[in-house]
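Worksheet for the structure shown next.
Residue numbers (the UniProt record's numbering), protein chains in the order written: chain S, 1 to 164; chain C, 1 to 704.
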């Protein structure tokens, strides 16, 4: 079976681990538990007649305590930048991570705006998101809590991996 | 052998594998279940391979293989990863090592360390996120409130959505009028102080003001100068109710520079403090820079005072930092602060303490300096260091400056609070300089500062009471003797009918920003005056002076457009006088503004030409219409050959570029003859007329 590596990147507490947990196990926990280092999960995905195995790398949030490590992107077929819908700063940080990743690789990237189940914050303008999402291969608004768009997003990433 | 050694060393929860060749390993130590779960082939064979069972480990083996092949003694680490096995979740770290030509792979099970580290990081990250969120929400609301309050005549004009946001905000908001009377407060402000709407005083505002007065040494200066402030206040209500409050205070001034409102934004940061304390000793340290915070600094200052050893207290204010934050965002601003601290630290000895007071303010307790001269030299080194350019991640250059206020213990003050207050006063005085500056506290500095604060206050009132007047000075065509232009010059007539010279108040207005509302008033008045003057002579041009700050004002064009539309005057009869100095700073922006003004038809004149940074390139790029020869050159024309040469050179430059040239400060017939002999025919000065009130000027025109 074909294996494809994808990486989830983003600032801390944007919901990377929760997205994976929802995708792999179909569960969600409200309690924030910070990730240290990396955790790799596997999931088999059916893409038409073909079945592929996605290796989903959940990478520790990039912030003052943990820098961006380009080596994690080695061998990846796509990466996902996750930002938090309720924290405008996370979009800015996500874009900085995106730029750093682009210096390492030219694989496709997807922007994921997570936590859409929470109320929209007034300091986040649609225009800001629109402008930035054009820089990505695709953009999804997800809720790891309700599961909204989570499968669709990973499915799209899998397709991007195969288009590679 | 290995097993007993390893156990003797107390290294138990690890697996050690020896590498014999490419993907050929031997298990030396580690027969735990988790080791076999990770390396399943090790269970059955002495020599085994590592397959893709663990993608992370397999990825690390690429680096490890490279390292082993180089063969130098040493080790590399994989970093922590989590591995899910059938029965448990492992927290692991792999190490590839080479020792005496032999290659090893060590895998450590870090379950306990992981839990500890996760706990610490969890607190730190929660803290960081809460802080970021709070900042972002506050900034947004503060900015919106400030904009709306500045424009609104009353609070009923507050937009409905914003009103809703205030009502439901997670932080306390109090809006007070200029007399510190509550105009609006939200439910959260009451809840913060455990109050309800029905309750009698004290109000959230009165409690806040009491804490502010008690805990902030600079309160007097902040309120009288309408400055911003941000910091923490501690509220002790009872034995069981203590809160740390983050207060952000912002003054709102109207277009005339008059104080309209105060906005108080209050946040309960007690939980943040608790998280900080849990997270090692962050409670006394600043989150961004890791420096001691204001509270720890004040503790240290108290302690230094009680030791009775002389020291200097330096109050540092980063100049133009707000501009960096506004233009590039807080992430860049924070990075700049961190780099700035890294630059300053090496200048400090072990004895001295650098702390962040909040925002763009820092402080240094300087113990190892004994004289003011040494301290000044230290300040200059600080300034030089800070003034070196910074760079954003995308390589854009940023520059900031540094203001320093210095107070000495015990010469200036013998208690901590007064020492901080005096240093604050000194830095306030330093801020009034255009460039980086260090100011030492002294009695005279205090007097000057108080006088300046009083002057600012009087200016604010003068703007409100419209105590300014425009005088007009004629500009003559010396060939005909006729008035061709007039220069509008501002005068301030105070309540006692005393005329205050612009030399006295314009520099202060320029420094505290009041020049903007004054400038708008001048533009409006000049428009009305020109309309009146054209009823006597419709060819007359009126020139108006523009200061550097006005030229940077984004609303300048709007002010001119509004005046031209309102009065119907011909824009080509308005001439703006700018000095050469404004061309040096922000040339691009000045050029853009000048281009827009010229599009309206307004003429541009360079004032005091020859005294500053005269550059032909500027003259050409800006499409200037007129240059004015500075009065200092004209004054000594009769007996100073250098001045004669300069005047002749300016005339020649102007002619060659096709510009009009005006001589300023003409007071004698000899000066007039010299200028006319050298084809400079337009002039102003006492020989032709002093600045006079508009009615007198109209008389002059009617006599022509």
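The beta-carbon is built from N, C-alpha and C at its ideal position, and this holds for glycine as well.
Of the residues the options, the one placed nearest residue i, counting alpha carbons only
i	options	result
residue 540/C	474/C, 625/C and 376/C	474/C
residue 75/S	153/S, 158/S, 142/S and 7/S	7/S
residue 92/C	80/S, 30/S and 40/S	40/S
residue 358/C	373/C, 89/C and 288/C	288/C
residue 343/C	559/C, 385/C and 623/C	385/C
residue 101/C	116/C, 78/C and 68/C	68/C
residue 690/C	534/C, 559/C and 472/C	472/C
residue 633/C	190/C, 623/C and 644/C	644/C
residue 259/C	514/C, 628/C, 626/C and 467/C	514/C
residue 482/C	307/C, 700/C and 449/C	700/C
Interface partners of residue i on chain C, CB under 7 Å
i	result
residue 92/S	329 and 331
residue 55/S	55
residue 39/S	81 and 82
residue 89/S	132 and 136
residue 34/S	118, 121, 122 and 125
residue 64/S	128
Partners in chain S for residue i, counting only beta-carbon separations shorter than 8 Å
i	result
residue 393/C	96 and 99
Contacts of residue i in chain S (Cβ-Cβ under 7 Å)
i	result
residue 50/C	The contacting residues do not exist; residue 50/C stays about 15 Å from chain S at best.
Helix, strand or coil at residue i according to DSSP, with G and I counted as helix
i	result
residue 94/C	strand
residue 180/C	coil
residue 375/C	helix
residue 261/C	strand
residue 381/C	helix
residue 319/C	strand
residue 547/C	coil
residue 420/C	helix
residue 280/C	Unreliable positioning characterises residue 280/C in this predicted model, as indicated by a pLDDT of 48, which lies under 50. The coordinate reading is nonetheless provided below. Here residue 280/C sits in coil by DSSP.
residue 88/C	coil
residue 525/C	helix
residue 205/C	helix
residue 287/C	coil
residue 7/S	strand
residue 24/C	strand
residue 509/C	helix
residue 169/C	coil
residue 228/C	coil
residue 470/C	strand
residue 63/C	helix
residue 241/C	coil
residue 157/S	helix
With 16 other Cβ atoms within 10 Å as the buried cut-off, status of residue i
i	result
residue 487/C	buried
residue 72/C	exposed
residue 391/C	exposed
residue 88/S	buried
residue 499/C	exposed
residue 70/C	exposed
residue 33/S	exposed
residue 543/C	buried
residue 310/C	exposed
residue 150/S	buried
residue 672/C	buried
residue 96/C	buried
residue 664/C	buried
residue 703/C	exposed
Partner residues on chain C for residue i, Cβ-Cβ distance less than 8 Å
i	result
residue 12/S	125, 128 and 129
residue 75/S	59
Contact check, residue i vs residue j, beta carbons under 9 Å
i	j	result
residue 28/C	residue 39/C	no
residue 52/C	residue 3/S	yes
residue 169/C	residue 264/C	no
residue 137/S	residue 101/S	no
residue 578/C	residue 224/C	no
residue 316/C	residue 434/C	no
residue 597/C	residue 576/C	yes
residue 109/C	residue 121/C	no
Contact list for residue i against chain S, beta-carbon separation under 9 Å
i	result
residue 114/C	36 and 37
residue 643/C	Residues of chain S passing the Cβ test: none, with the nearest at roughly 57 Å.
Closer than 8 Å: residue i CB and nearest the ligand GDP heavy atom
i	result
residue 55/C	In the structure shown, the ligand GDP is absent, as is every other ligand, since no ligand is present at all.
Within 7 Å of chain B by C-beta, residues of the region 308-326 of chain C in sequence order: Absent from the structure is chain B; the protein chains it does hold are S and C.
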